[in-house]
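Heads up: the structure comes next, in structure tokens.
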Amino acid sequence: MRLQGKSVFGGIAMGKLAVYEKKERTVKREKREDADAEMQRFYEAKEEAKRQLGVLYEKALKEVGEANAAIFDVHQMMLDDQDYEESIEHIIREQKVNAEYAVAQTGDNFSEIFAAMDDDYMRMRAADVKDISDRVIAVLQGGKDKGFAGGEPVILLAEDLAPSETVQLDKEKVLSFVTKFGSTNSHTAILARTMNIPALIGIDFPKDCEGAFGIVDGFEGALYIDPDEETIALYEKKKQKEEERRALLQELKGKENVTKDGTRVELFANIGSVADVGAALQNDAGGIGLFRSEFLYIGAEDYPSEEQQFQAYRTVAQNMAGKKVVIRTLDIGADKKADYFGLDPEENPALGFRAIRICLQRPQILKTQLRAIFRAACYGNISVMYPMITSLREVERIKEIVEEVKEELLKDGLPFGEVEQGIMIETPAAVFMSAELAKEVDFFSIGTNDLTQYLLACDRQNPNLADVCDPYHPAVLRAIEMTVKNAHAGGAWVGICGELGGDVRMTETFLRMGVDELSVSPPRILEVRDAIRRIDLKG
Ligand code: PEP
Ligand code: MG
Numbered sequence: 001m002r003l004q005g006k007s008v009f010g011g012i013a014m015g016k017l018a019v020y021e022k023k024e025r026t027v028k029r030e031k032r033e034d035a036d037a038e039m040q041r042f043y044e045a046k047e048e049a050k051r052q053l054g055v056l057y058e059k060a061l062k063e064v065g066e067a068n069a070a071i072f073d074v075h076q077m078m079l080d081d082q083d084y085e086e087s088i089e090h091i092i093r094e095q096k097v098n099a100e101y102a103v104a105q106t107g108d109n110f111s112e113i114f115a116a117m118d119d120d121y122m123r124m125r126a127a128d129v130k131d132i133s134d135r136v137i138a139v140l141q142g143g144k145d146k147g148f149a150g151g152e153p154v155i156l157l158a159e160d161l162a163p164s165e166t167v168q169l170d171k172e173k174v175l176s177f178v179t180k181f182g183s184t185n186s187h188t189a190i191l192a193r194t195m196n197i198p199a200l201i202g203i204d205f206p207k208d209c210e211g212a213f214g215i216v217d218g219f220e221g222a223l224y225i226d227p228d229e230e231t232i233a234l235y236e237k238k239k240q241k242e243e244e245r246r247a248l249l250q251e252l253k254g255k256e257n258v259t260k261d262g263t264r265v266e267l268f269a270n271i272g273s274v275a276d277v278g279a280a281l282q283n284d285a286g287g288i289g290l291f292r293s294e295f296l297y298i299g300a301e302d303y304p305s306e307e308q309q310f311q312a313y314r315t316v317a318q319n320m321a322g323k324k325v326v327i328r329t330l331d332i333g334a335d336k337k338a339d340y341f342g343l344d345p346e347e348n349p350a351l352g353f354r355a356i357r358i359c360l361q362r363p364q365i366l367k368t369q370l371r372a373i374f375r376a377a378c379y380g381n382i383s384v385m386y387p388m389i390t391s392l393r394e395v396e397r398i399k400e401i402v403e404e405v406k407e408e409l410l411k412d413g414l415p416f417g418e419v420e421q422g423i424m425i426e427t428p429a430a431v432f433m434s435a436e437l438a439k440e441v442d443f444f445s446i447g448t449n450d451l452t453q454y455l456l457a458c459d460r461q462n463p464n465l466a467d468v469c470d471p472y473h474p475a476v477l478r479a480i481e482m483t484v485k486n487a488h489a490g491g492a493w494v495g496i497c498g499e500l501g502g503d504v505r506m507t508e509t510f511l512r513m514g515v516d517e518l519s520v521s522p523p524r525i526l527e528v529r530d531a532i533r534r535i536d537l538k539g
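For the record, in the sequence shown the residue sitting at position 276 is 276 according to the numbering used here, with numbers rising by one throughout.
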């Protein structure tokens with residue numbers, strides 16, 4: 001049987017299936033006259049729950065890093081929330097009931113309130129408030145901390161898993177986890193990615209599959225139950241290849257991006273969605289060098305609101321935990337279309353109305369995006385960059401808009417953070433103006449995909465031009481060299497975020513040019529790190 005779900009994290013797992021049954025706690029409503037004694041029981045249970053969370057925090061910190069451990073910090077804070085405590089006290093005193101019942105009632109009520117909120121972040125808190133309430137109830141009932149005690153390693157199937165359950169899983173015993181519910185952006189999903197366990201969601205598994213043999217294909221999002229011999233043989237091969245890749249990955253994780261002669265370079269990840277952050281972290285990205293924000297627009301029915309964008313940018317910034325996140329403003333037009341923009345058909349779309357050109361003619365779109373970016377900057381280390389720049393005038397106009405946005409945010413009383421400003425260098429005009437442009441911005445990011453297209457006058461979408469559209473053409477390399485020189489002379493740092501940046505045959509050339517940062521797709525990070533570490537610029 002093959003069941004199709006959604007992948008939360010790639011990888012192949014093969015083994016016995018085990019169904020994780022949540023031990024539903026039954027909480028009885030009991031009359032208690034001594035409200036002070038019940039409150040005392042609650043306070044003691046709360047302290048014990050906080051102690052447990054502290055232990056979990058330390059465990060998660062070691063295993064999956066600070067950003068992902070933070071959820072247990074949040075849980076500790078939620079336990080100290082005044083409204084939460086007042087609600088429990090109110091139920092205990094007014095209804096003269098046991099503490100377990102008051103905690104369960106409060107947990108349910110708060111969870112319902114959170115679940116009904118518009119804000120995605122707050123909606124996610126619904127599961128958390130249930131989780132902390134369950135923990136307090138478990139302590140009150142004298143139960144042990146929930147855990148999963150397995151024998152041989154298994155593929156774990158569950159309806160849903162709370163973050164605390166995920167981190168408590170003994171990873172030696174769990175090959176993969178597969179849930180019926182959950183979202184790709186939930187904390188559990190993020191934890192799974194960083195824990196390096198293939199994971200699927202949206203799999204409605206049959207209850208009677210306990211003990212059967214299964215295969216999880218985390219690349220395709222599929223679960224096989226009792227697969228045939230042919231499928232098993234195929235996946236054994238796939239798994240071996242994957243293991244070889246992971247072995248390389250493990251060896252290079254945590255190592256520096258430094259050449260033999262001591263030259264350091266930043267190695268960041270290109271992402272296209274919030275969900276890609278997991279892959280960036282898992283591959284040890286030092287930051288996000290290109291967040292293609294247009295996915296927020298292309299996948300939507302209408303312009304994404306400031307709030308929707310704010311949440312996406314904030315999530316990325318928070319998950320990257322202080323590492324640099326470069327958000328590229330909307331780069332729509334040419335091949336990337338969304339109907340609601342109402343763009344006219346064009347003779348030459350690649351040379352047409354796209355990216356910053358649309359944003360400057362329709363500044364409200366840019367303003368909404370900038371407001372979201374600047375607000376999200378309170379939650380991490382965010383930079384912004386603008387695509388398809390051809391002139392100083394455009395940069396000046398953008399800067400005016402940025403000032404207007406900041407003034408409006410101040411007027412609206414909305415907090416915002418510091419944001420580095422950069423531009424993409426992907427047109428010949430930007431290359432030739434790079435000396436002047438460097439003085440106006442903090443950084444450049446060279447988009448070799450478009451730069452190749454525009455320098456060589458060849459449509460990057462046209463399959464007949466694959467030979468002409470040659471990113472190794474000396475004209476492209478000279479343009480990059482000139483850009484790097486001018487960037488540094490003007491006091492800007494410079495990176496490469498086009499596909500060429502992840503081409504290990506070019507790494508030495510770029511380092512010799514003095515490129516400060518390479519931003520590549522997540523699976524390429526460790527390969528490029530490997531290349532960097534083999535280079536000797538003095539040799
Ligand atoms: C580029 O042009 O090199 C680039 C990184 O942007 P995109 O591929 O999204 O156009
Ligand atoms: Mg481009």
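Cβ coordinates follow ideal geometry from the N, Cα and C atoms, glycine included.
Everything numeric in this text was worked out from a predicted model, so none of it was measured.
Rounded straight-line distance, which links the Cα of ASN319 to that of ASP73: Cα to Cα, ASP73 sits roughly 14 angstroms from ASN319.
Could you tell me the boundaries of the alpha helix (DSSP H) in which SER434 lies? That run of the alpha helix (DSSP H) goes 434-438.
Taking 8 angstroms as the threshold, find out whether the segment 383-397 comes into contact with the segment 410-423 through three or more Cβ pairs. Yes: at least three Cβ pairs fall under 8 angstroms.
Touch test, the segment 105-120 against the segment 33-44, Cβ-Cβ under 8 angstroms, three pairs minimum: In short, these stretches do not touch, since the Cβ pair count stays below three.
Using a threshold of 8 angstroms, is the CB atom of THR483 nearer than that to any non-hydrogen atom of the ligand PEP? In this structure, the C-beta of THR483 stays at least 8 angstroms away from each heavy atom of the ligand PEP.
Distance check for THR390 and TRP493, CA to CA, integer angstroms please. The alpha-carbon of TRP493 is positioned some 19 angstroms away from that of THR390.
At a threshold of 8 angstroms, does GLY498 count as lining the ligand MG (C-beta to nearest heavy atom)? The answer is yes for GLY498.
Rounding to the nearest angstrom, what Cα-Cα distance links ALA479 and ALA489 in this structure? Computed Cα separation, rounded: 15 angstroms.
Count the other C-beta atoms from every protein chain shown that fall within 10 angstroms of the C-beta of SER305, then say buried if there are 16 or more, exposed otherwise. Exposed, by the Cβ-count rule.
Hey, quick one: how far does the beta strand (DSSP E) through SER383 stretch, first residue to last? Counting along the chain, the unbroken beta strand (DSSP E) around SER383 starts and ends at 381-386.
Cβ of ALA312 within 9 angstroms of Cβ of ALA269? No, Cβ-Cβ distance for ALA312 and ALA269 is not below 9 angstroms.
Are ALA18 and GLY211 touching if we call contact CB-CB under 9 angstroms? Yes; because the gap between Cβ atoms is below 9 angstroms, this pair is in contact.
Beta-carbon proximity check, THR452 vs ASP470, cutoff 9 angstroms: ASP470 sits close to THR452, with the two beta carbons spaced by under 9 angstroms.
Suppose the cutoff is 8 angstroms on Cβ atoms and the five residues either side in sequence are ignored; what does the same chain contact list for ILE496 look like? By the criterion of a C-beta distance shorter than 8 angstroms, ILE496 is surrounded in its chain by SER445, ILE446, THR448, ILE480, PHE510, VAL515, GLU517, LEU518 and SER519, once the five residues flanking it on both sides are discounted.
Between the C-alpha atoms of ASP226 and LYS6, what's the straight-line distance to the nearest angstrom? Each residue's alpha carbon lies about 20 angstroms from the other.
Check: ASN464 C-beta below 8 angstroms from any heavy atom of the ligand MG: False, no ligand heavy atom lies under 8 angstroms from that Cβ.
Examine the ligand PEP and report whether any of its heavy atoms sits within less than 8 angstroms of the Cβ of THR448. Checking the 8 angstroms criterion, the Cβ of THR448 is within range of a heavy atom belonging to the ligand PEP.
Taking the alpha-carbon positions, what's the LEU3 to THR26 distance? Approximately 33 angstroms between the Cα atoms of the pair.
List the endpoints of the continuous alpha helix (DSSP H) containing PHE110. Element bounds for PHE110: 99-115.
Straight-line CA distance for ARG460 to PRO474? Each residue's alpha carbon lies about 18 angstroms from the other.
Consult DSSP for THR179 and reduce its assignment to one of helix, strand or coil. DSSP places THR179 in the strand class (E or B) of the three-state scheme.
Within the same chain, show all residues whose beta-carbon is closer than 8 angstroms to that of VAL441, passing over the 5 residues directly before and after it, in chain order. Same-chain partners within the cutoff: VAL395, GLN421, GLY422, ILE423 and ALA492.
Unbroken stretches of the beta strand (DSSP E), 3 residues or longer, contained in the segment 186-244: The qualifying runs are 199-201, 213-217 and 222-225.
Look at the alpha carbon of LEU252 and the alpha carbon of GLN282, and state the distance between them as a whole number of angstroms. Using only the alpha carbons, I get a separation of about 12 angstroms.
Which residues share a DSSP beta bridge with PHE443? In DSSP, PHE443 forms a bridge with GLY422 and TRP493.
DSSP puts ALA13 in a beta bridge; with which residues? VAL216, per the DSSP bridge assignment.
Could you tell me how far apart the beta carbons of MET39 and ILE92 are, in whole angstroms, since I believe they sit closer than 8 angstroms? Separation of the CB atoms of MET39 and ILE92 is rounded to 6 angstroms, and the pair is thereby assigned contact status at 8 angstroms.
With 16 other Cβ atoms within 10 Å as the buried cut-off, status of ILE332: Buried, since its Cβ has 16 or more Cβ neighbours within 10 Å.
Nearest to VAL476 by alpha carbon, out of PRO428, ALA466 and ALA126? The shortest C-alpha to C-alpha distance from VAL476 to any of PRO428, ALA466 and ALA126 is the one to PRO428.
Can you name the start and end residues of the alpha helix (DSSP H) that LEU455 belongs to? From DSSP, the alpha helix (DSSP H) with LEU455 extends over 448-455.
Let me know the secondary structure DSSP gives GLY502 once reduced to three states. Correct three-state label for GLY502: helix.
Check the C-beta distance from GLY539 over to LYS260 and give it rounded, since I have them as a contact under 8 angstroms. Taking a contact as a CB-CB distance under 8 angstroms, the pair GLY539 and LYS260 counts as one, their CB atoms being some 7 angstroms apart.
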